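Sequential numbering of the sequence shown, starting at 175, is according to this note's numbering. Backbone N, C-alpha and C define an ideal beta-carbon position, used for all residues, glycine too. These numbers come from a predicted model, not from an experiment.
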Amino acid sequence: SLKCFSYLSLSLKECVGLRQMRKRPFFLEEIPQFTLPSIGLAVLGHPISHSISPVLHNAALSDLSLKDSAFKGWSYHRVDIKAENLANALVTFAEAGYLGLNLTIPHKVEALKSVDRLDSEASLIGAINTLCLRDGEWFGYNTDGYGLHQALCKDLGCEIPNSKILILGAGGAARAAAVKCLLEGASTVHIHNRSPERLHDLLSLLSNHFEHSRISGTTVSNFRKVEFIDQDWIVINATSLGLSEEDPSPFCMPCTELGKKSVVYDMIYNPAKTKLLAEADEAGLSFANGLSMLVYQAAKSLEIWTDQEVCAERMLEAAKNYFSGYYAS
175 SLKCFSYLSL SLKECVGLRQ MRKRPFFLEE IPQFTLPSIG LAVLGHPISH
225 SISPVLHNAA LSDLSLKDSA FKGWSYHRVD IKAENLANAL VTFAEAGYLG
275 LNLTIPHKVE ALKSVDRLDS EASLIGAINT LCLRDGEWFG YNTDGYGLHQ
325 ALCKDLGCEI PNSKILILGA GGAARAAAVK CLLEGASTVH IHNRSPERLH
375 DLLSLLSNHF EHSRISGTTV SNFRKVEFID QDWIVINATS LGLSEEDPSP
425 FCMPCTELGK KSVVYDMIYN PAKTKLLAEA DEAGLSFANG LSMLVYQAAK
475 SLEIWTDQEV CAERMLEAAK NYFSGYYAS
């Protein structure tokens with residue numbers, strides 16, 4: 175049966191107004207329709223209400239608009255899309271005047287089946303978080319690895335070459351982290367995950383492209399704490415454990431037992447200090463949350479869409495303002 179889509183046709187003034195993040199995300203049936211010079215951008219996920227990506231992107235777009243009036247009709251918002259509807263949704267977005275899309279859970283891996291072309295790093299990672307429409311085709315990219323790398327270097331002063339990386343989780347975000355760290359010259363990347371099946375899949379993917387001697391993995395049943403005690407690791411949480419105050423720490427040993435030069439990075443940014451980061455703080459280790467990664471990956475996505483240099487600091491400022499002092503130092 176035919177669906178009846180109730181698009182909103184927007185004027186330039188209304189496009190600028192759309193930059194104020196609305197409380198409820200759009201559903202596919204109600205997305206705005208854009209006609210040149212207006213351009214639509216969006217983040218897709220299910221659920222997606224938690225995402226603050228519009229805050230970051232619309233702040234940067236406002237800055238770009240001051241330098242170049244061509245960007246005045248660009249706006250970015252959230253759309254709730256279930257995994258089984260993604261392929262058809264991409265056709266709808268193209269027809270509705272969207273140039274760029276970000277993807278979050280559950281679309282990062284599933285989108286591989288739906289894109290027309292794939293960037294080399296996204297292909298290596300096996301997950302996509304950014305789509306760009308060119309000549310009627312969706313190109314897939316992954317800016318998560320870039321965002322993480324920038325965050326580790328700038329927030330924690332990490333030097334990835336010859337370092338030892340411990341990644342908690344084996345989903346799409348963990349894939350990006352592992353590939354980027356291996357590409358940047360990490361001596362060891364160890365994946366720790368609860369599910370042996372997903373762990374095996376990620377280890378197999380990595381082993382197809384990198385030296386086996388640099389890659390290892392464990393589950394709770396075969397984790398050997400003795401191999402980590404008093405060793406200096408860059409610990410990265412790529413799981414969702416920590417989103418709720420009731421969640422246990424995703425790490426299977428106390429942070430106090432790590433080497434004193436270890437650092438802990440949690441991809442979760444809300445709450446600002448997860449149980450894992452609190453444990454790292456108590457252990458006297460350097461730590462940071464995922465807000466910076468979100469900002470850097472977002473800036474890279476916007477650069478892909480606009481072909482302009484994007485101010486990540488402006489995005490970070492907008493995010494901190496949104497949280498009304500929650501991240502204030």
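task = Compute the beta-carbon to beta-carbon distance between residue 429 and residue 446, rounded to the nearest angstrom, for a pair I have assumed lies under 8 Å.
result = Incorrect: roughly 17 Å between the Cβ atoms, too far for contact.
key: From 304, 345, 362, residue whose alpha carbon lies closest to that of residue 372   = 345
key: Residue burial classification, residue 427 (beta-carbon count within 10 angstroms, cutoff 16)   = exposed
request  = Following the continuous beta strand (DSSP E) through residue 354, name the residue where it begins and the one where it ends.
outcome  = Run containing residue 354: none in the beta strand (DSSP E); it sits in the alpha helix (DSSP H), 346 to 357.
request  = Determine whether the Cβ of residue 210 lies closer than 8 Å to any Cβ atom of chain C.
outcome  = No chain C appears in the structure shown, which is made up of a single protein chain.
query = Does the beta-carbon distance from residue 379 to residue 349 come in below 8 Å?
reply = yes
key: Length of the line joining the Cα atoms of residue 272 and residue 214   = 4 Å
query = Which ranges does the alpha helix (DSSP H) cover as unbroken runs of at least 4 residues, wholly within the stretch 409 to 460, from first to last along the chain?
reply = 449 to 456
request  = Compare the beta carbon distance of residue 284 and residue 319 with 8 Å and say whether it is the shorter of the two.
outcome  = no
Contact check, residue 383 vs residue 298, beta carbons under 8 Å = yes
message = Looking only at its chain, what residues have a beta carbon closer than 8 Å to the beta carbon of residue 442, apart from the 5 residues adjacent to it on each side?
response = 411, 414, 416, 417, 448, 463, 464
message = Whole angstroms are fine: how far does the CA of residue 365 sit from the CA of residue 301?
response = 17 Å
request  = Excluding the 5 residues preceding and the 5 following residue 459 in the sequence, name in chain order all residues of the same chain whose CB lies nearer than 8 Å to its CB.
outcome  = 429, 432, 434, 436, 437, 438
inquiry  = I'd like the list of long-range same chain contacts for residue 360, defined as Cβ closer than 6 Å, with 5 residues on each side in sequence excluded.
reply    = 334, 337, 339
key: residue 485 - DSSP class collapsed to helix/strand/coil   = coil
request  = Please determine, among 328, 425, 326, the residue with the shortest C-alpha to C-alpha distance to residue 368.
outcome  = 425
query = Per DSSP, residue 308 forms a beta bridge with which residues?
reply = 311
query = In three-state terms, what does DSSP make of residue 389?
reply = strand
ask   = What does a CB cutoff of less than 6 Å around residue 289 pick up in its chain, not counting 5 residues either side in sequence?
value = 312, 314
request  = For residue 225, collect the residues of the same chain with a Cβ closer than 7 Å to its Cβ; drop the 5 residues on either side in sequence, then sort them by chain order.
outcome  = 217, 219, 252, 278
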